[in-house]
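Trainee: Sending over a structure as structure tokens; questions will come in a sec.
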Amino acid sequence: MRKGLTLSDILVTVLVAVIFGFIYNLWWLPYEAVKPLGLHIEQLTYGMWFAAAVVAYLIVPKFGIALLAEFAAGAGETIIMGKFDIPTFVFALLQGLACELVFMAFRYRSRSVMVCILAGVAAALISLPIDYFYGYMSEVAAWNLILFIVFRVISGAVLAGILPYILVKALDQTGVTRLFRSASQEDYDAL
1 MRKGLTLSDI
11 LVTVLVAVIF
21 GFIYNLWWLP
31 YEAVKPLGLH
41 IEQLTYGMWF
51 AAAVVAYLIV
61 PKFGIALLAE
71 FAAGAGETII
81 MGKFDIPTFV
91 FALLQGLACE
101 LVFMAFRYRS
111 RSVMVCILAG
121 VAAALISLPI
131 DYFYGYMSEV
141 AAWNLILFIV
151 FRVISGAVLA
161 GILPYILVKA
171 LDQTGVTRLF
181 RSASQEDYDA
191 L
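The sequence shown begins at 1 in UniProt numbering and counts up by one.
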């Protein structure tokens, strides 16, 4: 497998980012729909905003892909929203970086569900100080803050870890993702 990024790697990553840019823009609907339920239930939907990095990495497991995908998806979300939103860029950059660091820790060799969950949790955790800076987290009671954090981490694990893993695993079964990975010994043995 070539170590550097190829044009097709970048194009696939940007395609994933564009798709997730649309998903991110529409994801405000379920997020806002459950918000009136209280107790920070909406945080259980928050992990979707970390998913582009994990999906792109699972398709193209190379250095820089997760960061590029998440940042491009965040940029795409702002373009679709029709407004320049600096917090979205900050969130996207740091969430992509958090995922990238997890994949780097495993030397870009593991595509396991546990690595995906760790990346989703890392993105959730890095988003908390940013939310604290931009949001209202300093004004809530301790039990409420704990609930907020736990729900966000669960969401990161499920919606940005397990769900992308299942999605890409399904794409793998169709054979679509083989176009973007070099052939393995198993592929050659099948010939």
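Backbone N, C-alpha and C fix where the C-beta goes; we use that ideal spot for every residue, glycine too.
To the nearest angstrom, how far is it from the Cα of ALA157 to the Cα of LEU7?
Mentor: Translated into the one-based positions of the sequence shown, residue 157 becomes position 157. Translated into the one-based positions of the sequence shown, residue 7 becomes position 7. Computed Cα separation, rounded: 30 Å.
Trainee: Assign LEU5 to one of three DSSP states: helix, strand, or coil.
Mentor: Taking the sequence shown and counting its residues from 1, one reaches residue 5 at position 5. LEU5 falls in the coil class under three-state DSSP.
Trainee: For the 8 Å Cβ check, are there 3 or more pairs between the stretch 149-165 and the stretch 116-123?
Mentor: yes
Trainee: Mark GLY82 as exposed unless 16 or more other C-beta atoms lie within 10 angstroms of its C-beta, in which case mark it buried.
Mentor: Taking the first residue of the sequence shown as 1, we reach residue 82 at position 82. Exposed.
Trainee: Taking the alpha-carbon positions, what's the THR88 to THR78 distance?
Mentor: Here residue 88 refers to the residue found at position 88 of the sequence shown. Here residue 78 refers to the residue found at position 78 of the sequence shown. One C-alpha to the other measures close to 7 Å.
Trainee: Please determine if the stretch 91-98 and the stretch 123-137 are in contact, where contact requires at least 3 C-beta pairs separated by less than 8 Å.
Mentor: yes
Trainee: Considering only their Cβ atoms, is the gap separating ALA17 from ALA53 smaller than 7 Å?
Mentor: Counting from 1 along the sequence shown, the entry for residue 53 is found at position 53. Counting from 1 along the sequence shown, the entry for residue 17 is found at position 17. The answer is no: Cβ separation not under 7 Å.
Trainee: Quick one: any contact between the stretch 42-58 and the stretch 97-110, if contact means 3 or more CB pairs under 8 Å?
Mentor: Output reads yes: the stretch 97-110 touches the stretch 42-58.
Trainee: Where does TYR108 fall in DSSP's three states?
Mentor: Looking up residue 108 in the sequence shown gives position 108. Coil at TYR108, not helix or strand.
Trainee: Between the stretch 29-41 and the stretch 62-73, do three or more beta carbon pairs fall short of 8 Å?
Mentor: no
Trainee: Apart from the five residues on each side of it in sequence, which residues of its chain come closer than 7 Å, Cβ to Cβ, to ARG111?
Mentor: Along the sequence shown, one-based indexing puts residue 111 at 111. For ARG111, where only same-chain residues beyond five positions count, the Cβ hits under 7 Å are LEU58 and PRO61.
Trainee: Assuming the contact rule is C-beta atoms closer than 8 Å, SER155 and THR45 should be a hit. Round their C-beta distance to whole Å, please.
Mentor: The count along the sequence shown starts at 1 and reaches residue 155 at position 155. The count along the sequence shown starts at 1 and reaches residue 45 at position 45. Right, the Cβ-Cβ distance comes to about 6 Å (below 8 Å), so this counts as a contact.
Trainee: Going by DSSP in three states, GLY76 sits in which element: helix, strand or coil?
Mentor: Here residue 76 corresponds to residue number 76 of the sequence shown, with the count starting at 1. GLY76 falls in the helix class under three-state DSSP.
Trainee: Does MET48 pass the burial test, meaning 16 or more other C-beta atoms within 10 Å, or should it be called exposed?
Mentor: One-based indexing of the sequence shown puts residue 48 at position 48. Buried, by the Cβ-count rule.
Trainee: Alpha helix (DSSP H) containing GLN173: first to last residue?
Mentor: Here residue 173 is taken as the residue at index 173 of the sequence shown, counted from 1. Residues 163-174.
Trainee: Measure the alpha-carbon distance for ARG107 versus ALA142 and round it to whole angstroms.
Mentor: Counted from its first residue, the sequence shown places residue 107 at position 107. Counted from its first residue, the sequence shown places residue 142 at position 142. Each residue's Cα considered, the two are about 37 Å apart.
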